[in-house]
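> Sharing a structure, written as structure tokens. Questions coming.
Protein chains: 2
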Amino acid sequence: MQNQTASLPVSDTESSARSAGRPRSEASRLAILDATRRLMTHTSVRDLSIEAIAKKAGVGKTTIYRWWPNKVAVVIEAFAEQLDMHMLTAGNETPSENLARQLDRLMRQLRGRNGKIIADLLAEAQSDAKVLEQFNQFYMQSRRNAFGQTILNGQKSGEFSEALNTEMAVDMILGPIFMRLMRQEAGLDEAFAAEYPVMAIHALSA
Amino acid sequence: MQNQTASLPVSDTESSARSAGRPRSEASRLAILDATRRLMTHTSVRDLSIEAIAKKAGVGKTTIYRWWPNKVAVVIEAFAEQLDMHMLTAGNETPSENLARQLDRLMRQLRGRNGKIIADLLAEAQSDAKVLEQFNQFYMQSRRNAFGQTILNGQKSGEFSEALNTEMAVDMILGPIFMRLMRQEAGLDEAFAAEYPVMAIHALSA
DNA sequence: GAGGCAAAACGGAACGGCAAGTATTAAATA
DNA sequence: TATTTAATACTTGCCGTTCCGTTTTGCCTC
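So the protein sequences, as listed, match chains G and U. At position 11 of the first sequence the residue is numbered 10 (numbering that gives the first Met the number 0), and the sequence of numbers has no breaks. At position 55 of the second sequence the residue is numbered 54 (numbering that gives the first Met the number 0), and the sequence of numbers has no breaks.
So, in structure tokens, the structure goes:
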């Protein structure tokens, strides 16, 4: 069986072109990722331990350490498909409509367990530079780029003010959402999700 | 000597009206807080351990556990004076001016070590409901109230739009700042600090 | 007032538990 | 047979807690 794993930024899949020796066990890999997903329904990323994953997966700890640098990398890979949203810019929309749709999708995705995981990862990143980089590379950067592009389009079309540079505009758009996510109280509830896009567009408008 | 400790929201100072028995050692208390401050210059809140504090303070672990529920409470008390900014609303300012000044002060305060500590605390809070409550009660709530009041004033005076409720407006104002804080990349640098208040006021304006 | 007693806090030591990370040995393939 | 992976077992370190003997206070009795 060919190794069909998508080139994820975390695990060492795809490296080393099948030279010799015992091949990596795909069964173990899947068991690890599955165990991680199941454990994450009851615990936070912080409380998750490599040992617990190994035990639940029926696998040695060394196997995990061999392929992932830390538990965050395992979590990222375990939830990669669910968290990787395809931020396509639809064709015939105005930048404002496009932005509203993107915000809507982001907030819907951050509800429930996924949001908790993202908040946990951002929290973990605060005490580990490597984790921060992993998180940015895997999750945050692509989001920022997508929103940044939409904002640029809006600035070209004259809908959005040209006064702010893109980076700062992205911070202004995403900041409140993640603030809400981490405050937990209230969170990204219906009311907020309904009102926020309007406010965000107002904030950017010329 | 009378117990002059300001009534801080974390440690158990002031409770129990001096009935009998050996009184709490002020020397130990100060040694613990001082050791915490010194350790925090080199480590994150996450990597800080009660054991290390006790060792550095020349104190038994028991003494710490007796008076503080967890290490976050110790950190909060150790940095209480530095982090407690007096958010007075000056008299003859327009709400916009007032808001700009408040933002300026907040961002200045979140630069350097204090900002790192706040980010760490918010991170710790993500995996512990008690910590989140401590953080809100000690730090976040008072900030939100102060900004909320200013925004309300601005809405009354007609400078700010009445479309958004106060809670959401506060999230919109503070979100980007904390986003910036936790991203670390760039952070609350000069450029951001200079531009952001203008943008924030624009976002709120009617 | 002097002395003794109860109450509370102190530092030190040790415990069991848990997780991180690391040899070492066994297993599977070219 | 060489090479690479996997699992077992181990060491290390911290945590949260519990004991213990000691110290410092208030209060009561004489």
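Cβ atoms here follow ideal geometry from the backbone N, Cα and C, with glycine treated the same way.
Counting contacts by CB-CB distance shorter than 8 Å, is G/Glu-194 in contact with chain U?
Numbered from its first residue, the first sequence carries residue 194 of chain G at position 195. Output row for G/Glu-194: interface = yes.
> By DSSP, does G/Ser-141 sit in helix, in strand, or in coil?
Here residue 141 of chain G corresponds to residue number 142 of the first sequence, with the count starting at 1. In the structure shown, G/Ser-141 sits in a helix (DSSP, three-state: H, G or I).
> Alpha carbon to alpha carbon, what distance is there between U/Asp-83 and U/Arg-104?
Walking along the second sequence from the start, residue 104 of chain U turns up at place 105. Walking along the second sequence from the start, residue 83 of chain U turns up at place 84. Spanning the two alpha carbons is a distance of roughly 12 Å.
> Output needed in chain order: residues of the stretch 121-143 of chain U with a Cβ under 7 Å from some Cβ in chain G.
Going along the stretch 121-143 of chain U in chain order, one finds Leu-121, Ala-122, Gln-125, Ser-126 and Leu-131 with a Cβ nearer than 7 Å to chain G.
> Could you have a look at G/Ser-156 and say whether DSSP puts it in helix, strand or coil?
Mapped onto the first sequence, residue 156 of chain G falls at position 157. If DSSP states are grouped into helix, strand and coil, G/Ser-156 belongs with the helices.
> Quick check on G/Leu-173 - is its C-beta less than 8 Å from some C-beta in chain U?
Here residue 173 of chain G corresponds to residue number 174 of the first sequence, with the count starting at 1. Yes, its Cβ sits closer than 8 Å to a Cβ of chain U.
> Do you know how far the Cα of G/Leu-131 is from the Cα of G/Ala-124?
Here the question's residue 124 of chain G lines up with position 125 in the first sequence. Here the question's residue 131 of chain G lines up with position 132 in the first sequence. Straight-line Cα distance between these residues: approximately 4 Å.
> So what does DSSP say about G/Ser-95, is it helix, strand or coil?
Locating residue 95 of chain G in the first sequence gives position 96, where the first residue counts as 1. Correct three-state label for G/Ser-95: helix.
> Are three or more beta carbon pairs between the stretch 133-150 of chain G and the stretch 93-102 of chain G nearer than 8 Å?
Touching, yes.
> By how many angstroms is the C-alpha of G/Gly-114 removed from the C-alpha of G/Gln-108?
Position 109 of the first sequence, counted from the start, is the residue given in the question as residue 108 of chain G. Position 115 of the first sequence, counted from the start, is the residue given in the question as residue 114 of chain G. Between G/Gln-108 and G/Gly-114, the C-alpha separation is close to 7 Å.
> Grab the span of the alpha helix (DSSP H) containing U/Trp-67 for me, first residue to last.
Here residue 67 of chain U refers to the residue found at position 68 when the second sequence is read from its first residue. U/Trp-67 -> no alpha helix (DSSP H), and no H or E assigned at all.
> Within 8 Å, do at least three Cβ pairs link the stretch 158-177 of chain U to the stretch 169-179 of chain G?
Counting Cβ pairs under 8 Å, three or more are found: they touch.
> Would you say U/Val-71 and U/Gln-133 are within 8 Å of each other, going by their C-beta atoms?
By one-based count along the second sequence, residue 71 of chain U stands at place 72. By one-based count along the second sequence, residue 133 of chain U stands at place 134. Yes, they are a contact pair.
> How would you write the range of the alpha helix (DSSP H) that G/Glu-25 sits in, first residue to last?
Looking up residue 25 of chain G in the first sequence gives position 26. Residues 25-38.
> Going by the CB atoms, is the gap between U/Ile-52 and U/Thr-40 shorter than 8 Å?
Residue 40 of chain U sits at position 41 when you count from the first residue of the second sequence. Residue 52 of chain U sits at position 53 when you count from the first residue of the second sequence. No, these two residues do not count as a Cβ contact at 8 Å.
> Can you give me, in chain order, the residues of the stretch 151-168 of chain G that have a beta carbon less than 9 Å from any beta carbon in chain U?
So the close ones are Ser-160, Ala-162, Leu-163, Asn-164, Glu-166, Met-167 and Ala-168.
> Along the stretch 34-66 of chain U, where does the CB come closer than 7 Å to a CB of chain G? Name the residues.
Residues passing the 7 Å Cβ filter: Ser-43, Arg-45 and Asp-46.
> Under 8 Å by Cβ, that's how I've got G/Thr-93 and G/Glu-158 pegged, so tell me the actual separation to the nearest angstrom.
The sequence position of residue 93 of chain G within the first sequence is 94, counting from 1. The sequence position of residue 158 of chain G within the first sequence is 159, counting from 1. Confirmed, Cβ separation roughly 7 Å.
> Give me the Cα-Cα distance between U/Arg-28 and U/Pro-196, rounded to the nearest whole angstrom.
Numbered from 1 along the second sequence, position 29 holds the residue referred to as residue 28 of chain U. Numbered from 1 along the second sequence, position 197 holds the residue referred to as residue 196 of chain U. Cα-Cα distance, rounded: 40 Å.
> Compare the C-beta of U/Arg-179 with all C-beta atoms of chain G and state if any pair is closer than 8 Å.
Position 180 of the second sequence, counted from the start, is the residue given in the question as residue 179 of chain U. Taking Cβ atoms only, chain G reaches closer than 8 Å to U/Arg-179, which makes this a yes.
> With which residues is G/Ser-204 paired in a DSSP beta bridge?
The count along the first sequence starts at 1 and reaches residue 204 of chain G at position 205. According to DSSP, which records beta bridges pairwise, G/Ser-204 is partnered with G/Phe-159.
> For G/Gly-174, does the three-state DSSP call read helix, strand or coil?
As a position in the first sequence, residue 174 of chain G is number 175, starting the count at 1. Three-state DSSP puts G/Gly-174 in a helix.
> Is U/Phe-191 close to chain G, meaning its C-beta is less than 8 Å from at least one C-beta of that chain?
The residue you call residue 191 of chain U lines up with position 192 of the second sequence. Taking Cβ atoms only, chain G reaches closer than 8 Å to U/Phe-191, which makes this a yes.
> Buried or exposed, going by whether 16 or more other CB atoms sit within 10 Å of the CB of G/Tyr-64?
The count along the first sequence starts at 1 and reaches residue 64 of chain G at position 65. Its Cβ having fewer than 16 others within 10 Å, G/Tyr-64 is exposed.
> Quick one: Cα of G/Leu-180 to Cα of U/Ser-160, how far?
For the purposes of this step, residue 180 of chain G is taken as residue 181 along the first sequence, with counting starting at 1. For the purposes of this step, residue 160 of chain U is taken as residue 161 along the second sequence, with counting starting at 1. Roughly 24 Å separates the two Cα atoms.
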